[in-house]
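Worksheet for the structure shown next.
4 protein chains.
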Amino acid sequence: MAESAGVYCPLPSEQDNVEQAKGNPALDSSTFIPPAPLMSPSIIIEFCDRCRWLHRATWVSTELFLTFPPPVLKAISIIPLNSEETGGRFRVWLNLEGSPPQLMWDRKIEGGFPELKGLKQRIRDYVQPGKSLGHSDKKSE
Amino acid sequence: MAESAGVYCPLPSEQDNVEQAKGNPALDSSTFIPPAPLMSPSIIIEFCDRCRWLHRATWVSTELFLTFPPPVLKAISIIPLNSEETGGRFRVWLNLEGSPPQLMWDRKIEGGFPELKGLKQRIRDYVQPGKSLGHSDKKSE
Amino acid sequence: MAESAGVYCPLPSEQDNVEQAKGNPALDSSTFIPPAPLMSPSIIIEFCDRCRWLHRATWVSTELFLTFPPPVLKAISIIPLNSEETGGRFRVWLNLEGSPPQLMWDRKIEGGFPELKGLKQRIRDYVQPGKSLGHSDKKSE
Amino acid sequence: MAESAGVYCPLPSEQDNVEQAKGNPALDSSTFIPPAPLMSPSIIIEFCDRCRWLHRATWVSTELFLTFPPPVLKAISIIPLNSEETGGRFRVWLNLEGSPPQLMWDRKIEGGFPELKGLKQRIRDYVQPGKSLGHSDKKSE
Chain A
0 MAESAGVYCP LPSEQDNVEQ AKGNPALDSS TFIPPAPLMS PSIIIEFCDR
50 CRWLHRATWV STELFLTFPP PVLKAISIIP LNSEETGGRF RVWLNLEGSP
100 PQLMWDRKIE GGFPELKGLK QRIRDYVQPG KSLGHSDKKS E
Chain B
0 MAESAGVYCP LPSEQDNVEQ AKGNPALDSS TFIPPAPLMS PSIIIEFCDR
50 CRWLHRATWV STELFLTFPP PVLKAISIIP LNSEETGGRF RVWLNLEGSP
100 PQLMWDRKIE GGFPELKGLK QRIRDYVQPG KSLGHSDKKS E
Chain C
0 MAESAGVYCP LPSEQDNVEQ AKGNPALDSS TFIPPAPLMS PSIIIEFCDR
50 CRWLHRATWV STELFLTFPP PVLKAISIIP LNSEETGGRF RVWLNLEGSP
100 PQLMWDRKIE GGFPELKGLK QRIRDYVQPG KSLGHSDKKS E
Chain D
0 MAESAGVYCP LPSEQDNVEQ AKGNPALDSS TFIPPAPLMS PSIIIEFCDR
50 CRWLHRATWV STELFLTFPP PVLKAISIIP LNSEETGGRF RVWLNLEGSP
100 PQLMWDRKIE GGFPELKGLK QRIRDYVQPG KSLGHSDKKS E
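Residue numbers (numbering that gives the first Met the number 0), protein chains in the order written: chain A, 0 to 140; chain B, 0 to 140; chain C, 0 to 140; chain D, 0 to 140.
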């Protein structure tokens with residue numbers, strides 16, 4: 000089924016009186032809990048911003064979220080880099096509880112950008128080992 | 000000037016011999032340093048995934064990176080939520096060193112989604128106070 | 000249900016022999032039919048490229064396709080403009096068979112960018128009048 | 000230089016009196032000229048929507064616009080397909096004045112998705128033959 004907007008969620012009623020909002024915890028920001036620093040499992044994408052790879056990184060992020068919707072992946076962080084020594088970098092890390100982030104892709108080691116199918120398979124093998132990714136998928140052995 | 004791809008960066012030479020790669024730290028993942036857990040300044044976008052707001056969150060992320068390229072913003076994290084009590088949530092947080100993340104936008108408090116100009120002004124006032132955002136901008140006082 | 004990749008479609012088998020491909024119409028580009036010039040119903044988004052609204056236009060396009068998947072909308076065209084007299088333009092047109100494109104949104108007339116809910120309602124009233132857009136929707140009368 | 004928003008364009012002044020708007024051609028939609036049916040040069044991307052390739056198509060579109068900003072490319076149209084016989088399709092067409100659209104990429108013929116560098120080179124050779132695409136580019140001969 001295709002995505003559609005706003006079907007399931009409580010939306011703030013347009014009839015809500017502003018006065019009623021007072022004392023409503025949903026509208027009192029002092030009660031809001033900021034997100035935790037590094038959720039698990041989560042993905043981190045580092046890339047060379049001089050190379051103009053923001054849109055590639057964003058697209059990879061979109062695809063990973065659609066394949067591994069929450070709570071499978073809890074967060075994706077995008078980190079643009081612009082120093083000389085990070086030139087040409089495109090790395091994808093998987094963060095799992097209890098260990099340092101694990102490298103899923105490095106453009107220089109792999110000799111190119113992640114082809115999505117392969118990247119999804121690697122991540123799947125950690126976060127959702129039983130999941131099929133479709134026709135052309137082969138599970139890890 | 001428009002963005003263009005790959006103009007500035009060292010790309011791995013296609014002539015590089017695989018043998019030469021051995022002992023090359025750029026190709027030895029054991030030397031790679033994983034990104035720090037919570038960079039500063041950075042942005043965190045939380046949203047209700049049941050409401051299908053992934054693409055809205057991603058678009059906001061793209062716009063913020065283009066307005067505040069690194070090193071002004073060092074990272075943006077996107078956090079989809081799918082429990083009942085986070086229904087209808089769309090929050091933007093700014094993380095600055097030495098303090099907990101500060102709320103820049105909450106859809107329920109503000110009564111709607113961030114209009115980009117306003118959100119950029121709020122973030123600008125923290126991360127790059129002197130920056131003009133264009134014709135229609137007014138600086139904070 | 001969330002989107003996922005490649006579940007339904009015939010993918011070219013990796014076992015296909017290149018020889019077998021000869022004489023296969025799926026692989027003979029002389030048999031391919033180019034798309035028609037202006038499909039119906041379709042959307043056209045014109046925008047001022049000097050204003051850097053490409054990503055906004057693209058996001059609107061993504062949202063419209065997710066709300067009105069094919070065959071409801073058959074195509075979306077994005078037209079960046081960069082002359083002085085198109086400065087500040089953001090227009091959304093609906094193309095229906097048998098009539099010239101109809102204006103759904105003009106940023107100067109409306110005094111701002113399309114809030115998605117309103118734009119979707121206007122388009123819905125032409126292309127899929129019975130469709131509910133979710134909780135906060137009100138149908139045209 | 001990075002993109003930034005709203006620096007160059009005339010934005011509708013917030014002080015504009017609504018009364019003044021009357022008789023202003025910028026606000027009189029009866030004077031608006033709908034876009035032409037098929038601009039040239041332009042790109043058309045057809046894809047199998049059952050395969051969930053909308054975001055891939057959109058990303059390719061974004062990259063092509065950033066590499067070939069207007070007036071080099073005047074428009075990009077995205078056409079999702081959902082019938083059985085278009086399963087697995089991902090085609091990129093170039094439309095040039097005076098000839099039918101020319102095929103730049105077909106996933107089945109090429110055996111996979113366009114790697115951006117190669118697709119940009121093919122399009123460049125038609126629309127902007129002298130343009131360098133960066134370090135790793137080789138011009139057509």
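Beta carbons are placed, not taken as given, at the ideal position from N, Cα and C, and that holds for glycine.
Rank D/LEU37, D/SER29, D/PRO79 and D/ALA25 by C-alpha distance to the C-alpha of D/SER98 and give the top, closest one.
Residue D/LEU37 is the option with its Cα nearest to D/SER98.
Return the chain-ordered list of same chain residues with a C-beta closer than 8 angstroms to the C-beta of B/LEU80, the five sequence neighbours on each side being excluded.
GLU45, PHE46, CYS47, ASP48 and ARG88
So within the segment 35 to 74 of chain C, which uninterrupted alpha helix (DSSP H) runs reach at least 4 residues, ignoring any that extend past its ends?
53 to 66
D/GLU83 to D/LYS107, Cα distance in whole Å?
Distance from the CA of D/GLU83 to the CA of D/LYS107, rounded to the nearest whole angstrom, comes to 15 angstroms.
Sort D/PRO33, D/PRO128, D/SER41 and D/VAL71 by Cα distance to D/LEU93 and report the nearest one.
D/SER41
Tell me whether A/TYR125 is buried or exposed, calling it buried when 16 or more other Cβ atoms sit within 10 Å of its Cβ.
exposed
Decide if D/PRO128 is buried, meaning its Cβ has at least 16 other Cβ atoms within 10 Å, or exposed.
exposed
Hey, how far is the Cα of C/PHE67 from the Cα of C/LEU26?
Between C/PHE67 and C/LEU26, the C-alpha separation is close to 31 angstroms.
Based on the DSSP secondary-structure assignment, which residues constitute the bridge partners of C/ASP27?
Note: C/ASP27 sits in no beta bridge, so no partner.
Once you ignore the five residues that flank A/SER76 on each side, which residues in its own chain have a CB closer than 8 angstroms to its CB?
SER41, ILE42, ILE43 and ILE44
Hey, how far is the Cα of C/VAL6 from the Cα of C/GLY110?
With a pLDDT of only 44 at C/VAL6, under the threshold of 50, the placement of this residue in the model should not be trusted; the figure read from the coordinates follows. The alpha-carbon atoms of C/VAL6 and C/GLY110 are separated by roughly 43 angstroms.
Just to confirm, are B/ARG121 and B/ASP105 a CB contact at a threshold of 7 angstroms?
Going by beta carbons, B/ARG121 and B/ASP105 fall outside the 7 angstroms limit.
Spell out whether any CB of chain D is found under 7 angstroms from the CB atom of C/ALA35.
Output row for C/ALA35: interface = no.
For C/GLU62, count the other beta carbons within 10 Å of its own beta carbon; 16 or more makes it buried, fewer makes it exposed. Which is it?
buried
Where does D/LEU118 fall in DSSP's three states?
helix
Find the residues of chain D that neighbour A/GLU62, judging by a C-beta separation of less than 7 angstroms, and give them in chain order.
HIS54
From this set, A/TRP52, A/LYS130 and A/LEU115, which residue's C-alpha is nearest D/TRP52's C-alpha?
A/LEU115
Can you check whether the C-beta of B/ILE32 is within less than 7 angstroms of a C-beta belonging to chain A?
Taking Cβ atoms only, chain A never reaches closer than 7 angstroms to B/ILE32, which makes this a no.
Taking only three categories from DSSP, how would you classify C/ARG106?
helix
C/SER28 touches chain D at which residues, Cβ-Cβ below 8 angstroms?
LEU102, ASP105 and ILE108
Give me the chain A residues within the contact set of B/ILE122, using Cβ-Cβ distance strictly less than 8 angstroms, ordered along the chain.
Neighbours of B/ILE122 on chain A: none; closest Cβ ~16 angstroms, over 8 angstroms.
Got a sec: is the Cβ-Cβ distance from D/TRP92 to anything in chain C below 7 angstroms?
With 7 angstroms as the cut-off, D/TRP92 counts as an interface residue toward chain C.
Out of C/PHE64, C/GLY22, C/ALA35 and C/ASN23, point me to the one whose CA is closest to D/GLN101's CA.
Of the listed residues, the one whose Cα sits closest to D/GLN101 is C/ALA35.
Starting from the Cα of D/LYS73, find the closest Cα among D/THR85, D/GLU96 and D/TRP58 and give me that residue.
D/GLU96
What span of residues does the beta strand (DSSP E) with A/LEU95 cover, start to end?
No beta strand (DSSP E) holds A/LEU95; DSSP gives it neither H nor E.
If you run the structure through DSSP and keep just helix, strand and coil, what is A/ARG123?
helix
Return no unless some Cβ of chain B is closer than 7 angstroms to the Cβ of A/SER76.
Judged by the 7 angstroms Cβ criterion, A/SER76 is in contact with chain B.
For D/MET103, which residues in the same chain have their Cβ closer than 7 angstroms to its Cβ, ignoring the five residues on either side in sequence?
VAL91, TRP92, LEU93, LEU118, ARG121 and ILE122
Please confirm whether B/ILE43 has its beta-carbon closer than 7 angstroms to some beta-carbon of chain A.
yes
In whole angstroms, what is the alpha-carbon distance linking D/SER147 and A/PHE112?
Because chain D here runs from 0 to 140, residue 147 of chain D falls outside it and cannot be looked at.
Under 7 angstroms between C-beta atoms, does A/PRO79 make it to chain B?
yes
Within the 7 angstroms Cβ cut-off, does A/ALA1 reach chain B?
Summary for A/ALA1: the model assigns pLDDT 36, below 50, so the residue's position carries little reliability; its value from the coordinates is reported in the next sentence. Output row for A/ALA1: interface = no.
Establish whether the CB of B/PRO113 and some CB of chain A are separated by less than 7 angstroms.
Look at B/PRO113: its C-beta is not under 7 angstroms from any C-beta on chain A.
In whole angstroms, what separates the C-alpha of A/PHE31 from that of D/ILE32?
C-alpha separation (whole angstroms): 49 angstroms.
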